[in-house]
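Last residue of the first sequence: 325 in our numbering, with the numbers rising by one and none dropped.
Just so it is clear, CB atoms sit at the ideal spot from N, CA and C, and this is done for glycine as well.
Please read these numbers as outputs of a predicted model, since none were measured by experiment.
Structure, as structure tokens:
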Amino acid sequence: MPELPEVEVTRRGVAPHLEGRVVTAVILRHSGLRWPFPVDLAEKLCGRRIGVTGRRGKYLLIGFDHGTLIVHLGMSGHLRMLPCVTPPQKHDHFDLVVGDQVLRMTDPRRFGAVLWHGHDEGAISEHLLLRGLGVEPLEESFSAQLLYRHTRNRSAAIKQVLLAGDIVVGVGNIYASESLFKAGINPKTAAYRIGLARYEKLALAIREILAAAIEQGGSTLRDFMAADGQPGYFQQNYFVYDRAEQPCRICGMAVRQLKQGQRSTFYCPNCQK
DNA sequence: CACGACTCCTGCTGGC
DNA sequence: TGCCAGCAGGAGTCGT
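Here you go:
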């Protein structure tokens with residue numbers, strides 16, 4: 053379920069239950085997810101105190117003094133804090149036990165990942181999966197100029213370029229459609245054909261939409277921590293996503309759906325040129 | 001290098 | 001009711 057806002061809300065939800073606490077057990081119920089679990093993960097983490105949590109794109113980072121646990125939720129993953137006596141369900145693959153609580157990872161499709169990066173392997177930013185990532189959309193370094201500069205040689209459609217994550221991270225399939233709608237840009241437009249003025253609109257739209265989604269998620273943190281229910285932050289009123297053939301909320305014209313790189317895109321042919 | 005197709009996996013929905 | 005195709009919010013890898 054996770055685009056950047058969901059990962060950030062997850063991080064904020066679990067952080068107070070993890071930071072400063074000592075890992076008492078690690079339980080793996082599967083050989084791995086997208087990749088095998090790190091070798092000897094329990095030996096690496098048990099008895100160690102958790103430091104600061106962080107996030108890079110859609111990767112959640114759990115810091116220790118000797119390295120970083122990297123967690124990715126893939127398409128279907130989520131994390132919850134539960135009382136450690138809670139019986140595991142079918143797709144609960146990974147537990148990080150901290151005293152009487154457990155950080156539990158559920159991931160039916162197993163596209164997620166749990167990886168370890170030791171300090172002896174260098175800076176976390178140089179990790180193979182993180183080094184090629186673009187800038188964080190909510191940081192100062194993200195700007196229209198950055199989008200403009202990095203797209204001069206990109207003939208691919210702007211939607212695809214946003215999803216690629218090498219210029220800006222965290223914009224997933226939903227928020228790519230929503231951001232382009234808000235900016236009034238047709239998702240099929242070749243990235244190099246978009247000028248600075250339109251990238252100003254797009255950068256602003258991405259910032260506002262992601263920030264609003266995080267804010268909405270933040271208000272459901274209590275639900276997020278509940279033992280059963282799913283986090284409630286996905287129920288948003290999207291302008292175009294998943295609204296094929298329904299009237300555009302601005303102009304009333306039917307929202308269109310198409311495929312770009314095997315993924316669904318939604319847009320309003322009237323509002324987005 | 002940039003791009004697009006393919007891939008991993010399970011669960012749900014919609015059509016017949 | 002059952003079966004099956006198609007699709008799902010990600011992203012690494014490979015061939016061109």
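Review point. Which residue comes first and which comes last in the alpha helix (DSSP H) that contains V119?
Key: One point to set straight first is that residue 119 is Gly, not Val, in the sequence displayed. That residue, G119, is in no alpha helix (DSSP H); its beta strand (DSSP E) goes G119 to H124.
Practice item. Would you kindly check if the distance between the Cβ of R156 and the Cβ of R132 is under 8 Å? Key: yes
Point to revise | Distance between T158 and F318 (C-alpha atoms, nearest Å) | key: 29 Å
Practice item. Could you give the DSSP three-state label for K211: helix, strand or coil? Key: helix
Exercise for review: Quick one: grab the DSSP three-state call for K325.
Suggested key: Coil, per DSSP.
Exercise for review: Out of G115, K234, R295 and A265, state which residue places its alpha-carbon closest to the alpha-carbon of L256.
Suggested key: K234
Check your understanding: Would you call the CB atoms of G217 and G109 closer than 8 Å?
Key -> yes
Check your understanding: Do the region 196 to 204 and the region 160 to 177 meet, that is, are 3 or more Cβ pairs less than 8 Å apart?
Key -> no
Check your understanding: Is it true that the region 85 to 102 meets the region 201 to 215, where meeting means three or more beta-carbon pairs spaced less than 8 Å apart?
Key -> Between the region 85 to 102 and the region 201 to 215 there are fewer than three inter-stretch CB-CB distances shorter than 8 Å, so the stretches are not counted as touching.
Exercise for review: Work out the CA separation of C320 and A306 for me, nearest whole Å.
Suggested key: 7 Å
Review point. Quick one: any contact between the region 126 to 141 and the region 186 to 193, if contact means 3 or more CB pairs under 8 Å?
Key: no
**Study point:** One or two residues paired with Q309 in a DSSP bridge
**Key:** Per DSSP, the beta bridge partners of Q309 are F318.
**Study point:** Host alpha helix (DSSP H) of G65 (start-end)
**Key:** L56 to L70
Point to revise | Reduced DSSP category for Q153 - H, G, I as helix; E, B as strand; rest coil | key: Q153: strand per DSSP, three-state reduction.
Point to revise | Coil, strand or helix - F116 by DSSP | key: In the three-state reduction of the DSSP assignment, F116 falls in the strand class.
Review point. In whole angstroms, what separates the C-alpha of C300 from that of P140?
Key: Using only the alpha carbons, I get a separation of about 43 Å.
Point to revise | Buried/exposed call for G65, threshold 16 Cβ in 10 Å | key: buried
Check your understanding: How about V74 and V150: are their beta carbons less than 8 Å apart?
Key -> Contact flag set, yes.
**Study point:** alpha helix (DSSP H) segment containing I226, residue limits
**Key:** N225 to A235
Practice item. Can you grab the Cα-Cα spacing for the pair A242 / Q212, in whole Å? Key: 9 Å
**Study point:** Option nearest H130 by Cα separation, candidates V221, A94, V59 and D152
**Key:** V59
Check your understanding: Can you give the beta carbon distance from K325 to G236, rounded, assuming they're within the 8 Å contact cut?
Key -> That pair is a contact at about 7 Å.
Practice item. Identify, in the order they occur along the chain, each residue of the same chain with its Cβ nearer than 6 Å to the Cβ of I176, setting aside the five sequence neighbours on each side. Key: Only T120 and H169 meet the Cβ criterion.
Review point. If you run the structure through DSSP and keep just helix, strand and coil, what is H130?
Key: The answer is strand: DSSP assigns H130 an E or B state.
Check your understanding: Does the beta carbon of N322 fall short of 7 Å from some heavy atom of the ligand NAD?
Key -> Within the structure as shown, the ligand NAD is missing, as the structure has no ligands at all.
**Study point:** Inter-residue Cα distance where the pair is D294 and G72
**Key:** 41 Å
Check your understanding: According to DSSP, which residues form a beta bridge with W168?
Key -> L121
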